[in-house]
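Visitor: Please see the structure below; I have some questions.
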Amino acid sequence: MTSPTNVSPEWARRRTFAIISHPDAGKTTLTENILLSAGAIRLAGQVKARGENRRTQSDWMKIERERGISVSASVMTYEYGGLLFNLLDTPGHEDFSEDTYRTLTAADSAIMVLDAAKGVEPRTLKLVEVCRLRDIPILTFINKMDREAMDPSELLDDIQDKLALDAAPMQWPSGSGNRFKGVADLERDEFVVYRRPSADDDEPVRSQRVSLSGNEIASILNEAELAELREGADLAREVCPSFNLQSYREGHMTPVYFGSALRQFGIFELLEALKQVAPGPEAQPATGGATPELTPDGKEVAGFVFKVQANMDPNHRDRVAFMRLCSGTFKRGMKLKTDSGKLLTVSSPIMFFAQDRELAEEAYAGDVIGVPNHGALRVGDTLSESGRWRVAGIPNFAPELLRRARLKDPLKAKHLKKALESLAEEGVTQLFRLQVGGDFVVGAVGALQIDVMAERVAAEYNLEVTFEPSPYDTARWITGDRDKLDAFIDRHKSAIAEDIDGALVFMAKSAWEVSYTAEKFPDIAFHKAKERRA
């Protein structure tokens, strides 16, 4: 990757990364304090804000603020050290794993947040598997060192054993919980002193650094603490692999940092690490063009939609498509085509700061911009000047939970259709309509998705809807020869539905029924996943 200099192209300044973690590991707090330390915001929602201001910048939905969880991916842009960072904050709750998966398709690297007391948790394992599918480099931040934690050696072993990643410690902690005094910087042979933020601090304060071999360290650590720290640091240098940039970029190694997001400790070190090692925009595999990939230095403007969000502004029935630019220099007012032939004039492109936004006059490969539209764009669409490009598709997975939508006022059936379709187009839930009877069935990964949809339908569309148990338990997309497919549909009319794209779906009462039916109809293919496209 070309190092950004005065003569480097603008795209070389971009760093687009996601933050991933198990729920409650501190991801949203870390996000806030990265923005705070980079100078992008004045108050971190988890740290100092009060009253109505006591909410995080990245959790902007009413339900997120009330429940203290992240259920929607957010995009936040900030500048630091001469680079422009696009931070993709992903949902922490496992019920929103599809939204996280789609967001990771737009990231060039990731920060993995681990709870120092728990190490690698199940949700983290699944997210790393997704990163590995795309060879996304991972930088690790072990959080909550100001609380009682696992031994650092055990934490590193946990990363290596469960994630099959070489863990290269860049720091070594001195104690944890009440004994936590700071971390040794293994590269510079310095000690980064831990200090709890004071109420008088107007902005984040860079931690004091002292030499590990000088006299000043004696005023911070007693003899036993210093001996323990030096022993651990020496062991780490001898036993653990040294950091290798190429191995990290290829997704085989993770540099490991320690800190406390809540106490704002270790954040500046993390910002510096991102500046030094995080990769810039990478080439994106694509079809339809003269080459097999879109490169950041390409002339033609092209990008793909990885998220659609409705009603970001409650005062307007807006719909914004989040587009990751892959090549070219985008300028406001450009005409772009989807790979299905739709022509759009992008007259009001948006740069994001959570729910805050401003018009983007220009954007470059690596940037994420919002494209306001009225249902023309969906997750998985590719936009380009020629309309020929198609970025590798983003899949839908078969839902694990199916609920039937029941409207309290039958006269508002058209409003219900619009509301459910709008929310399904965002990609967080799926929508199926039975061919017989026309009932709407909502598909989700978990129950929280259903709760979120119910609250959003009520708040944003003023509809009273009950999502009741469905007679169906499992959904599978079906394909096959047209005659064979017609015969199958004729035999199972009451169990056939269409998804939001019009694709045929077999609704089964159990997984066993799917297996049994597949055996009986070998000419019909039953799919657990389907590529999203309009």
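For reference, each letter of the sequence shown is one residue, going -8 to 525 in this note's numbering.
All C-beta atoms, glycine included, are put in the ideal place defined by N, C-alpha and C.
Note that the coordinates shown come from a computational prediction; the quantities given were computed from them, not determined experimentally.
1. Would you list the one or two residues that DSSP bridges to S506?
2. Quick one, which of L495, G493, F517 has its alpha-carbon nearest A502's?
3. Just checking my contact of V299 with L368 at CB under 8 angstroms: how many whole Å lie between their CB atoms?
4. Let me know the secondary structure DSSP gives H13 once reduced to three states.
5. According to DSSP, simplified to helix, strand and coil, what is C231?
6. Check this for me: beta carbons of R348 and G357, under 8 angstroms apart or not?
7. Is V558 helix, strand or coil by DSSP?
8. Looking only at DSSP bridge pairs, what is R397 linked to?
9. Go ahead and pull the three-state DSSP assignment for K298.
10. Helix or strand or just coil, what does DSSP make of L350?
11. Since S165 is in the beta strand (DSSP E), which residue starts that stretch and which ends it?
12. For the pair the stretch 102 to 113 and the stretch 320 to 335, tell me if three or more CB-CB distances fall below 8 angstroms.
13. Among L203, W2, V196, D157, whose alpha-carbon lies nearest the alpha-carbon of E178?
14. Keeping to the same chain, check which residues put their C-beta closer than 6 angstroms to that of L392; ignore five residues upstream and five downstream.
15. If you run the structure through DSSP and keep just helix, strand and coil, what is T245?
16. Is the number of C-beta pairs between the stretch 110 to 120 and the stretch 187 to 203 that are closer than 8 angstroms three or more?
17. Counting pairs of Cβ atoms below 8 angstroms between the stretch 258 to 277 and the stretch 147 to 160, do you hit three or more?
18. Where in the stretch 363 to 440 do unbroken runs of the beta strand (DSSP E), each at least 3 residues long, occur, reported from the N-terminal end onward?
19. Any chance you could list the alpha helix (DSSP H) runs of at least 4 consecutive residues sitting entirely within the stretch 141 to 224, in chain order?
20. With three or more beta-carbon pairs closer than 8 angstroms as the criterion, would you say the stretch 487 to 503 touches the stretch 436 to 455?
21. Taking only three categories from DSSP, how would you classify E284?
22. Taking the alpha-carbon positions, what's the F259 to N213 distance?
23. When you compare the CB positions of T329 and T373, do they come within less than 8 angstroms of one another, or not?
24. Can you tell me where the beta strand (DSSP E) with T278 in it begins and where it stops?
25. Going by DSSP, what residues sit across from M342 in a beta bridge?
26. Grab the span of the alpha helix (DSSP H) containing T465 for me, first residue to last.
27. Kindly say whether G357, judged by its beta-carbon, lies nearer than 8 angstroms to any beta-carbon of chain C.
28. Can you pull the DSSP bridge partners for M498?
29. Here's the rule I'm using: 16 or more other beta-carbon atoms within 10 Å means buried, otherwise exposed. How should Q237 be labelled?
30. What does DSSP give as the partner residue(s) for K328 in the beta ladder?
31. Exposed or buried, what is Y507 when buried is set at 16 or more other beta-carbons lying within 10 Å of its beta-carbon?
32. What's the gap between the Cα of F8 and the Cα of A101?
33. Assign A516 to one of three DSSP states: helix, strand, or coil.
34. Just tell me which of D80, V370, A98 has its CA closest to the CA of R240.
35. In three-state DSSP terms, what is A293?
36. Going by alpha carbons, who is nearest to E219 out of G173, F256, D192, D400?
Guide: On the basis of the supplied data:
1. Along the sequence shown, one-based indexing puts residue 506 at 515. In the DSSP output, where bridge partners are listed per residue, S506 has none listed.
2. One-based indexing of the sequence shown puts residue 502 at position 511. In terms of CA proximity to A502, F517 leads the group L495, G493, F517.
3. Position 308 of the sequence shown, counted from the start, is the residue given in the question as residue 299. Position 377 of the sequence shown, counted from the start, is the residue given in the question as residue 368. Rounded, the Cβ-Cβ distance is 6 angstroms, consistent with contact.
4. For the purposes of this step, residue 13 is identified with residue 22 of the sequence shown, where counting begins at 1. H13 falls in the coil class under three-state DSSP.
5. Counted from its first residue, the sequence shown places residue 231 at position 240. Three-state result, C231: coil.
6. Translated into positions along the sequence shown, residue 348 becomes position 357. Translated into positions along the sequence shown, residue 357 becomes position 366. Against a cut-off of 8 angstroms, the Cβ pair of G357 and R348 comes out as no contact.
7. The requested residue 558 is not part of the displayed model; the chain covers only -8 to 525.
8. Walking along the sequence shown from the start, residue 397 turns up at place 406. Answer is T457.
9. One-based indexing of the sequence shown puts residue 298 at position 307. Note: K298 maps to strand in three-state DSSP.
10. As a working mapping, residue 350 is identified with position 359 in the sequence shown. Strand, per DSSP.
11. What you label residue 165 is simply residue 174 of the sequence shown in a count that begins at 1. Counting along the chain, the beta strand (DSSP E) containing S165 begins and ends at 162 to 165.
12. With the cut-off at 8 angstroms, the stretch 102 to 113 and the stretch 320 to 335 do not touch.
13. By one-based count along the sequence shown, residue 178 stands at place 187. Nearest of L203, W2, V196, D157 to E178, Cα basis: L203.
14. One-based indexing of the sequence shown puts residue 392 at position 401. Here the set comprises A435.
15. The residue given as residue 245 occupies position 254 in the sequence shown. Three-state result, T245: strand.
16. Note that the stretch 110 to 120 does not touch the stretch 187 to 203; fewer than 3 beta-carbon pairs, one per stretch, sit closer than 8 angstroms.
17. no
18. 373 to 375, 386 to 388, 392 to 398, 421 to 425, 431 to 435
19. 143 to 154
20. no
21. Residue mapping note: residue 284 aligns to position 293 of the sequence shown, counting from 1. Looking at E284 - three-state DSSP - the assignment turns out to be strand.
22. For the purposes of this step, residue 259 is taken as residue 268 along the sequence shown, with counting starting at 1. For the purposes of this step, residue 213 is taken as residue 222 along the sequence shown, with counting starting at 1. Those two C-alpha atoms are separated by around 26 angstroms.
23. As a first step, residue 329 must be located in the sequence shown, where it is residue number 338. As a first step, residue 373 must be located in the sequence shown, where it is residue number 382. Against a cut-off of 8 angstroms, the Cβ pair of T373 and T329 comes out as a contact.
24. Against the sequence shown, residue 278 aligns to sequence position 287. Taken as a continuous stretch (DSSP letters only), the beta strand (DSSP E) holding T278 covers 275 to 278.
25. For the purposes of this step, residue 342 is taken as residue 351 along the sequence shown, with counting starting at 1. The partner list for M342 (beta bridge, DSSP) reads E349.
26. The residue you call residue 465 lines up with position 474 of the sequence shown. Note, T465: premise wrong, no alpha helix (DSSP H); beta strand (DSSP E) at 465 to 470.
27. Given the protein chain composition of this structure (a single chain), no chain C is represented.
28. Counted from its first residue, the sequence shown places residue 498 at position 507. When beta bridges are read from the DSSP output, M498 appears opposite A466.
29. As a working mapping, residue 237 is identified with position 246 in the sequence shown. Q237 is exposed by the Cβ-count criterion.
30. Here residue 328 refers to the residue found at position 337 of the sequence shown. The partner list for K328 (beta bridge, DSSP) reads L334, S375.
31. Your numbering for residue 507 matches position 516 in the sequence shown. It counts as exposed.
32. As a working note, residue 8 is residue 17 in the sequence shown. As a working note, residue 101 is residue 110 in the sequence shown. Whole-angstrom Cα-Cα distance: 5 angstroms.
33. Numbered from 1 along the sequence shown, position 525 holds the residue referred to as residue 516. DSSP, reduced to helix, strand and coil, places A516 within a strand of the structure shown.
34. Walking along the sequence shown from the start, residue 240 turns up at place 249. The residue with the shortest Cα to Cα distance from R240 is A98.
35. Within the sequence shown, the letter at position 302 stands for residue 293. Three-state DSSP puts A293 in a strand.
36. Start at 1 with the first residue of the sequence shown, and residue 219 comes out as number 228. Answer by Cα proximity: G173.
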